[in-house]
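Asks: Numbering (our numbering), first residue to last: 5 to 76. Got a structure here, written out as structure tokens. Questions coming.
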């Protein structure tokens, strides 16, 4: 059974939102262990940057694998 476009969109948005939250919480917990002390605003901004990079990476990999699939 194929996933509808709407469900694909909902899954993608949920993945990004949850990933952003996990990134920010991880930074808040892990950074102090390494002597890095940041404000909540800095953690939110870094989380946003990491999220954009992650989306770009995921998109590029999907396109590469789709191209490979088409050639096969």
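Where is the CB? At the ideal position from N, CA and C, for every residue including glycine.
Residue 40 CB to nearest chain D CB: under 7 Å?
Replies: Protein chain content of the structure displayed is limited to a single chain, and chain D is not contained in it.
Asks: So the alpha helix (DSSP H) residue 65 belongs to, where does it begin and stop?
Replies: For the purposes of this step, residue 65 is taken as residue 61 along the chain shown, with counting starting at 1. 44 to 75 is the extent of the alpha helix (DSSP H) around residue 65.
Asks: State whether the segment 41 to 49 contacts the segment 5 to 16, with contact taken as three or more CB pairs (one from each stretch) at a distance under 8 Å.
Replies: no
Asks: Using the C-alpha atoms, what's the distance from residue 22 back to residue 60?
Replies: In the chain shown, counting from the first residue as 1, residue 60 sits at position 56. In the chain shown, counting from the first residue as 1, residue 22 sits at position 18. Taking the straight line from one Cα to the other gives about 17 Å.
Asks: Residue 31 and residue 19 look like a contact to me (Cβ under 8 Å); what is the Cβ gap, rounded to whole Å?
Replies: By one-based count along the chain shown, residue 31 stands at place 27. By one-based count along the chain shown, residue 19 stands at place 15. Actually they do not touch by this definition, with Cβ atoms about 19 Å apart.
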